[in-house]
Each structure stands twice: as structure tokens, then as C-alpha cells.
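Numbering-wise (this note's numbering), the sequence shown opens with residue 705 and increments by one.
Idealized CB from N, CA, C, for every residue including glycine.
From a predicted model like this one, the values you see are computed outputs, not experimental measurements.
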Amino acid sequence: MKERVYNAMVLAAGFGTRLRPLTELVPKPLVPVGNRPLIIYPLHLLARAGVRRVVINLHHLAEKIPEELAQHKLPTLDIVYSRERKILGTGGGIVRVRKLLAADRFFLMNGDTLHNVNLRALLRFHLERGASATMVVRPLRGKVDFTPLELDGEDRIVRLLDATTTPRGRTRKVMFCGIHILEPEVFDFLPRSGFSCINRTAYTAMIERGLKVCGFMYDGPWYDIGTPARYLAVNLDVAGGRLKLPPPGTLGRIHGQVLRGPRSRVAPDARVGPRVVLGAGCLVPGGCRISRSVIWEGAVLEPGQKVFGEVVTGKFRLRCNG
């Protein structure tokens, strides 16, 4: 039994509706975190785990992701793009590229969450339990937007829940993190075409059939970049030193709770900080006051501008309650 995974798929086709208007400029996997596109972090995690080929599905602003990734060095990864004319969902997305994935087990992960899951440990866990699928889960804390699950004492997913369902017996309620490892038999539980959800369609049927769908507990850093407020909060944690990003880390150096990207320019009498991210090539003229904010690459502020709790792009300023 091979203890290595060579193929993976990163889901990047969605509209990022909750993150508008930022996602009207770039697809959600390209919003900058620590001055790097968000999708760079899961790609590096996959490369470190020994993955060789990554399929990325595209739909919303589809051309932007290949254009951006062409500027980044990912020498060990063969990236293949799957352009979806219509959104196919998690299940339909992998079915469309079945010929690339179905020969062996593969990783599947969202391209718009930030985490540092040890994928080699995930693989070992999956193999030791003889699972058909393993979902990365974490303790459920408060209201969540991701699928709640019921996990038993043997690390098996008993059922998918909704927000109001109470676990039965000696089980516990956990949250799915958007990361899976799958055996090829998952395709037997998905329709051959069209939209489908792997969680609600495949996993529900697999559990009912008695196949092992397991939950790998992860309690490390995990961020859903789902709304402008959450997006701002992640970047503020980076600038403030509370969050150390996984490789390749930030682009630029953090000094005094300010992350300055390459070629960023700040006038001597501008006041910047605390907890500010300055994108590459941005300009902060004289008299500006900036705190708890993210300035995107190439953005130019006006002299004397005051920015607090905002994301400033080259097109607009967005107040994020930061």
C-alpha cells in the first residue's frame, strides 16, 4: 500500500459571494493574505506532502488564477486547470476530472481557507483506519458556516448534521474544515455529470452503505476567509504577529506590527500602524494615518488620508469593522 499521494484537487471555482466586493476584482483564492495570494498556501502544503499533480477548477474570473500562478515558482507541481462552464459543486468538480484522479487516492481541499494541516499525518491516519474517505475536522466552537458532523469514539463519521441537530449517545459534534483524502470508490457514489455535493451526496450514501468515512482531528490555525471582516482579521493577525503563516510565509517584513511589501513607499510624516499590511508597490503619501487595515498591491492613497479598519484596493475602500 503506497504511503504517498501524488494527485490532489484544489477547489477554486466559486463566486465568493460573501466576500464581495473584493471578489468582483479577483476570485476568492487570489485575495492577498500576508501579501501572497491565498491559494499559494494550500499549494505549498501539497507540494511539501509530496503531491506532484494538482487540478484546480475554475469558473468565476477563471483567467485570473492561471495568470497569477504563472508568476509564482511551484517547480515540483504540475498544475492542471479544469474550466467549468457552470458551477459543478465539489462532487461534480471531481467527476469532471475523474480520468486524472480515479487511479489512486487523492487529496481534495478548498482553495480559500488558511490552515497548516500536516497532510502526511492525515495520510497515515487514513491508511491506519482503512478508510474510504477521511475528512479533516476540528472542535465545534460557536456558530460555523462549514458542515457540522457527528464523530464517534472510533473516529468514524456517523452522519452529517445541521446546525440544530444534537449528537446521539457517545458521539460528539465537530466541524468539517474543507480538506479530505479520498479513495477512488468515492466516484461510485456520485452522479456522472452535473452539479453534486460530495458531502451530502457521496458521504451520506457511503456511510449508509457501511464504508468507513473517518474524521481526522485538527486543532491548529484555521481561518475561513469568508467575509470582509474575517479577511481583514486574518491579515491583522499576521501583521500583529499572532499568526505565523505556513510556508512560504509573508511577502515582506514585519516591523512594529506593520508588514511592508516590496517597493511599498511611505512618506516620512505618514503614520502607519499598528497592525497594517502594505502591499507591494503601494504608496502612502504625507499626512496619512493608517491602522488596522490592509492596503493592496499598487494602491495609491491620497495625501492626508485616514484609514482605519479598511481594505484599500486600487479601485475602492472597503470598511470592514476592523
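Item                                                                                                                                                            : Value
Contact check, A806 vs I769 under 8 Å by CB: the rounded distance?                                                                                              : 24 Å between Cβ atoms; not a contact.
Name the DSSP bridge partner or partners of A712?                                                                                                               : V758 and F811
Among the residues of its own chain, which have a CB less than 8 Å from the CB of R756, if the five just before and after it don't count?                       : Y710, N711, T780, L781 and D782
Quick one: what does DSSP say R752 is sitting in, helix, strand or coil?                                                                                        : helix
Looking at the secondary structure, which residues open and close the alpha helix (DSSP H) in which R828 lies?                                                  : L823 to E832
Whole angstroms is fine: what's the gap from S836's alpha carbon to V890's?                                                                                     : 7 Å
Taking the DSSP output, what are the residues bridged to I929?                                                                                                  : None; I929 has no bridge partner.
Would you say P952 and R740 are within 8 Å of each other, going by their C-beta atoms?                                                                          : yes
Take F920 and list the residues in its own chain whose beta-carbon comes closer than 6 Å to its own, dropping the five residues that flank it on each side.     : L826, F829, T838 and V840
If you check the beta carbons only, do S997 and F1012 fall under 8 Å apart?                                                                                     : yes
So for I743, helix, strand or coil by DSSP?                                                                                                                     : coil
Can you find the residues in the same chain that come closer than 7 Å, C-beta to C-beta, to L875, ignoring five residues on each side of it along the sequence? : Note that residue 875 corresponds to Thr in the displayed sequence, not to Leu. The answer, listed in chain order, is E854, L855, D856 and V862.
Compute the Euclidean distance between the alpha carbons of L1022 and L726, then round it to the nearest angstrom.                                              : 8 Å
Given a cut-off of 8 Å, decide if L778 and L747 are closer than it, judged by their beta-carbon atoms.                                                          : yes
Taking a contact to mean a Cβ-Cβ separation below 8 Å, would you say Y922 touches V938 in this structure?                                                       : no
I think L955 touches A984, with their Cβ atoms under 8 Å apart; what is that distance to the nearest whole Å?                                                   : 7 Å
Quick one, are the C-beta atoms of S995 and P978 less than 8 Å apart?                                                                                           : yes
Between which two residues does the alpha helix (DSSP H) carrying G919 extend?                                                                                  : No alpha helix (DSSP H) holds G919; the beta strand (DSSP E) holding it covers V917 to M921.
Which whole-angstrom value describes the C-beta separation of L812 and H764, a residue pair presumed to lie in contact below a C-beta threshold of 8 Å?         : That pair is no contact at about 19 Å.
Here's the rule: buried if 16 or more other CB atoms are within 10 angstroms of the residue's CB, otherwise exposed. What is P1007?                             : exposed
Can you give the beta carbon distance from G965 to E1014, rounded, assuming they're within the 8 Å contact cut?                                                 : Not confirmed; about 17 Å, so no contact.
With respect to the beta strand (DSSP E) encompassing R1023, which residues constitute its N-terminal and C-terminal limits?                                    : R1021 to R1023
By DSSP, does G795 sit in helix, in strand, or in coil?                                                                                                         : helix
Could you round the C-beta distance between G882 and T931 to whole angstroms and report it? I think they count as a contact, below 8 Å.                         : Not confirmed; about 16 Å, so no contact.
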